[in-house]
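Below is one structure, written out as structure tokens, with a few remarks after it.
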Amino acid sequence: MDIIGDADEQEPARPEREVIGWRAVVRPADLLHSLLDGLVALGAAIALAAVSLVIVLYVAISHFHGGPGDFFALAVWLTGASLGVPLRSVVSFSEPSEHYKAVTVTDLRVIAWLLTVVMLVLVFRLVRRRERARPSAGLAQSVVRALLTALVATLGLLVLALVTTRASVFGYPFGLESITGGHVGSRIGLEPGFVFVGPLLLTAVAALAGAAPAIPPPRRRTDELARWSLVLRQTWRQLLITGVLAGTALLVYGSVEAVQHTGGRFTVLVVIGLVLMLPNLAIYGTLGGFGTTFYVTQRATGPGSGSGLDRVSRSIGIFDSFRPWVVWLLLAAAVVGTLLPALRARRAVRAGRLGGADYPLSGVWRAALAGLLAALAWVLLGAFSYSTSASGTLGHLTSLSESAGPSLLAAAGLTAAWLSLGYLATSIAVASGGA
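So the sequence shown is residues 40 to 474, counted in our numbering.
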């Protein structure tokens, strides 16, 4: 009996039931690392914007009134705009003696792709480094960690958008400054509500991409993910080669034009601006090389615009009447970007790094879909738009809008077509190289 009793006492205890809940997924260390990663990425983008603004403004203007607060506010606005947040200015004027009130609202959407790239690449690499140093316990924790980083960056931008809303920058009150008498008020800053659209979505995608290696894929989808990996690698190479060549061509073209038509300080300013906007040149040069026509449209409505709608549109492109020599260089960049990855894939097959069936012809739809998504992101996020409207107590409404950028349908269709062509070239090269 004692032996049985001792055996019962020595029987291993049952394992405790694992507690699954938010405490097991979100730990204090995860919150701390997400806070640091999100703020570091946001702070680096704002610091780069501030340094760039200091360089450009001091080259453009030798003497101006402003302090660190003005540069910081402009840097925050430029960073937020580069993530898809519009900049809004509201100027009001009232004349109590004449019972008159006017309000002018101006919206500006412009993007500096350099800041976008810096912000998203930092989020991607910081999340990936954290997953390698402190691997997640499972899928839920990896996703939560990534989304927390994106949320921290978004909330940080929201706070900065609220605190940098002001009446003037460098002493400029954004309109109606020449009116004397009455009451004039102005306010300019980022639209806080839009922070939860573009910035949250973009940083979440970058963070999830950084955490992707730590997320175990379902077994049944491993082959499909491998096919997509090859297609995305091929797409990236084609866009990278085309973008580098097209961006360099536009940089040289802009610098030559600046030297021929300007001089001195303004030439240096143009060259510095082109260097800082090199990612913009690469993206739009790629679209131009694919054959996309760019439009600059101005539209005015109101009592003084004749029939109520005055519209002026200008365009530039390969198939347009205005074709500078650089447009043909962009087309050559697109051709080189399409053929060079195919030649590299053929060499990889002969070296044994690729198989002859790695790029089947039936997978061309993946390249087309990747082109559609890339073009949608470029056009919807990066199109320039400027609109202003004025209204008063007498019921008059006047608005002026200006936009610049490619046609969405043309950009999406042509990008999909060129990436499909690049995939087909690679598929043929791989098949012939393995034969």
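The beta carbon of each residue, even a glycine, is placed where N, CA and C say it ideally should be.
Review point. Can you list, in chain order, the stretches of the alpha helix (DSSP H) that have 4 or more residues and sit fully within the segment 237-289?
Key: 237-250
Exercise for review: Please work out which residues of its chain come closer than 6 Å, Cβ to Cβ, to Thr145, disregarding the five sequence neighbours upstream and downstream, and give them in chain order.
Suggested key: Position 106 of the sequence shown, counted from the start, is the residue given in the question as residue 145. Excluding sequence neighbours, Thr145 sits near Ser128, Thr427.
Review point. Taking all protein chains shown into account, do 16 or more other C-beta atoms lie within 10 angstroms of the C-beta of Leu178, making it buried, or fewer, making it exposed?
Key: Stepping through the sequence shown from its first residue, residue 178 is reached at position 139. Exposed.
**Study point:** Per-residue DSSP class, three states only, for Ala206
**Key:** As a working mapping, residue 206 is identified with position 167 in the sequence shown. Here Ala206 sits in coil by DSSP.
Review point. Can you find at least 3 beta carbon pairs, one from the segment 450-464 and one from the segment 392-408, that sit closer than 8 Å?
Key: yes
Exercise for review: Reducing DSSP to helix, strand and coil, say where Asp76 ends up.
Suggested key: Numbered from its first residue, the sequence shown carries residue 76 at position 37. Here Asp76 sits in helix by DSSP.
Practice item. Go to Phe110, then tell me how far its alpha helix (DSSP H) extends in each direction, as first and last residue. Key: Walking along the sequence shown from the start, residue 110 turns up at place 71. Segment 107-121, the alpha helix (DSSP H) holding Phe110.
Review point. DSSP three-state call for Ile355: helix, strand or coil?
Key: The sequence position of residue 355 within the sequence shown is 316, counting from 1. Reduced to three states, the DSSP call for Ile355 is strand.
Exercise for review: Grab me the residues of Arg169's own chain with a C-beta within less than 6 Å of its C-beta, minus the 5 sequence neighbours each way, in chain order.
Suggested key: Residue 169 sits at position 130 when you count from the first residue of the sequence shown. The answer, listed in chain order, is His72.
Practice item. Take Pro252 as the anchor and find which of Met316, Val270, Gly356, Val182 has the nearest alpha-carbon. Key: Here residue 252 corresponds to residue number 213 of the sequence shown, with the count starting at 1. Of the listed residues, the one whose Cα sits closest to Pro252 is Val182.
Exercise for review: Taking all protein chains shown into account, decide if Ser268 is buried (16 or more other Cβ within 10 angstroms of its Cβ) or exposed.
Suggested key: Here residue 268 is taken as the residue at index 229 of the sequence shown, counted from 1. Exposed, because fewer than 16 other Cβ atoms sit within 10 Å of the Cβ of Ser268.
Check your understanding: Tell me which same chain residues have a C-beta within less than 7 Å of the C-beta of Tyr292, skipping the five on either side of it?
Key -> The residue you call residue 292 lines up with position 253 of the sequence shown. Cβ neighbours of Tyr292 beyond the five flanking positions: Val365.
Check your understanding: Any idea what DSSP makes of Val295, helix, strand or coil?
Key -> As a first step, residue 295 must be located in the sequence shown, where it is residue number 256. Here Val295 sits in helix by DSSP.
Review point. Between which two residues does the beta strand (DSSP E) carrying Arg338 extend?
Key: By 1-based counting over the sequence shown, the position of residue 338 is 299. First-last of the beta strand (DSSP E) with Arg338: 333-340.
Review point. What residue does the alpha helix (DSSP H) around Leu370 start on, and which one ends it?
Key: For this step, residue 370 is matched to residue 331 along the sequence shown. Where Leu370 is concerned, the enclosing alpha helix (DSSP H) stretches over 364-389.
Point to revise | Whether Thr193 touches Gly77 by CB criterion (9 Å) | key: In the sequence shown, residue 193 corresponds to position 154, counting from 1. In the sequence shown, residue 77 corresponds to position 38, counting from 1. A contact, by the Cβ cut-off of 9 Å.
Practice item. Whole angstroms is fine: what's the gap from Gly330's alpha carbon to Leu453's? Key: The residue you call residue 330 lines up with position 291 of the sequence shown. The residue you call residue 453 lines up with position 414 of the sequence shown. Straight-line Cα distance between these residues: approximately 7 Å.
**Study point:** Whether Ile227 touches Leu126 by CB criterion (9 Å)
**Key:** Locating residue 227 in the sequence shown gives position 188, where the first residue counts as 1. Locating residue 126 in the sequence shown gives position 87, where the first residue counts as 1. Cβ distance < 9 Å, so Ile227 and Leu126 count as in contact.
Practice item. Using 10 angstroms around the beta-carbon of Leu229, count the other beta-carbons present and answer buried if the total reaches 16, otherwise exposed. Key: Translated into the one-based positions of the sequence shown, residue 229 becomes position 190. Flag for Leu229 reads buried.
Exercise for review: Kindly indicate the opening and closing residues of the alpha helix (DSSP H) around Val149.
Suggested key: Here the question's residue 149 lines up with position 110 in the sequence shown. Premise fails: Val149 is in no alpha helix (DSSP H) and is neither H nor E.
Check your understanding: For Ala200 versus Pro231, is the C-beta distance shorter than 9 Å?
Key -> By 1-based counting over the sequence shown, the position of residue 200 is 161. By 1-based counting over the sequence shown, the position of residue 231 is 192. For Ala200 and Pro231, yes; Cβs fall inside 9 Å.
Exercise for review: Could you check which residue in Leu382, Phe132, Val149, Phe209 has the C-alpha nearest to that of Ala141?
Suggested key: Indexing the sequence shown from 1 puts residue 141 at position 102. Comparing Cα positions, the closest option is Phe132.
Check your understanding: Nearest CA to the CA of Thr281: which residue from Ser225, Met316, Leu370?
Key -> As a first step, residue 281 must be located in the sequence shown, where it is residue number 242. Here the closest residue by C-alpha is Leu370.
Practice item. Identify whether Thr301 lies in helix, strand or coil by the three-state DSSP scheme. Key: As a first step, residue 301 is located in the sequence shown; it is residue number 262 there, counting from the start. In this structure, Thr301 counts as coil in the three-state DSSP scheme.
Point to revise | Meets three-Cβ-pair contact criterion under 8 Å: the segment 368-385 and the segment 403-417 | key: no
Review point. Given that a residue counts as buried once 16 or more other Cβ atoms are within 10 Å of its Cβ, and exposed if not, what is Asp109?
Key: Translated into positions along the sequence shown, residue 109 becomes position 70. Under this definition Asp109 is a buried residue.
Review point. Alpha carbon to alpha carbon, what distance is there between Met158 and Ala246?
Key: Taking the first residue of the sequence shown as 1, we reach residue 246 at position 207. Taking the first residue of the sequence shown as 1, we reach residue 158 at position 119. Distance between the alpha carbons of Ala246 and Met158: 11 Å.
Review point. What whole-angstrom Cβ distance do Leu165 and Ala89 have, given they're in contact under 8 Å?
Key: For the purposes of this step, residue 165 is identified with residue 126 of the sequence shown, where counting begins at 1. For the purposes of this step, residue 89 is identified with residue 50 of the sequence shown, where counting begins at 1. Not confirmed; about 21 Å, so no contact.
Review point. In terms of alpha-carbon separation, which member of Leu368, Ile94, Ala265 lies closest to Thr325?
Key: Taking the sequence shown and counting its residues from 1, one reaches residue 325 at position 286. Per the Cα distances, Leu368.
Practice item. Check whether the Cβ atoms of Leu161 and Ala120 sit closer than 9 Å, and answer yes or no. Key: Start at 1 with the first residue of the sequence shown, and residue 161 comes out as number 122. Start at 1 with the first residue of the sequence shown, and residue 120 comes out as number 81. Going by C-beta atoms, Leu161 is not nearer than 9 Å to Ala120.
**Study point:** Own chain partners of Ser440 with C-beta closer than 6 Å, once the 5 adjacent residues on each side are dropped
**Key:** Numbered from its first residue, the sequence shown carries residue 440 at position 401. If we look at Ser440 and ignore the five residues flanking it on each side, its Cβ neighbours are Arg338, Ser426.
Review point. If you draw a straight line from the alpha carbon of Ala99 to that of Arg304, how long is it in whole angstroms?
Key: Sequence index remark: in the sequence shown, residue 99 carries index 60 (1-based). Sequence index remark: in the sequence shown, residue 304 carries index 265 (1-based). Cα to Cα, the separation comes out at about 7 Å.
Practice item. Have a look at Trp404 and Ser459 and give me their C-alpha separation to the nearest angstrom. Key: Taking the first residue of the sequence shown as 1, we reach residue 404 at position 365. Taking the first residue of the sequence shown as 1, we reach residue 459 at position 420. If you take the alpha carbons of Trp404 and Ser459, they lie about 7 Å apart.
Exercise for review: Identify, in the order they occur along the chain, each residue of the same chain with its Cβ nearer than 7 Å to the Cβ of Val7, setting aside the five sequence neighbours on each side.
Suggested key: Beyond the ends of the chain as shown, which are 40 and 474, falls residue 7; an answer cannot be given.
Review point. Would the beta-carbon of Ala407 fall within 9 Å of that of Ala455?
Key: For the purposes of this step, residue 407 is taken as the residue at position 368 of the sequence shown. For the purposes of this step, residue 455 is taken as the residue at position 416 of the sequence shown. Yes, these two residues count as a Cβ contact at 9 Å.
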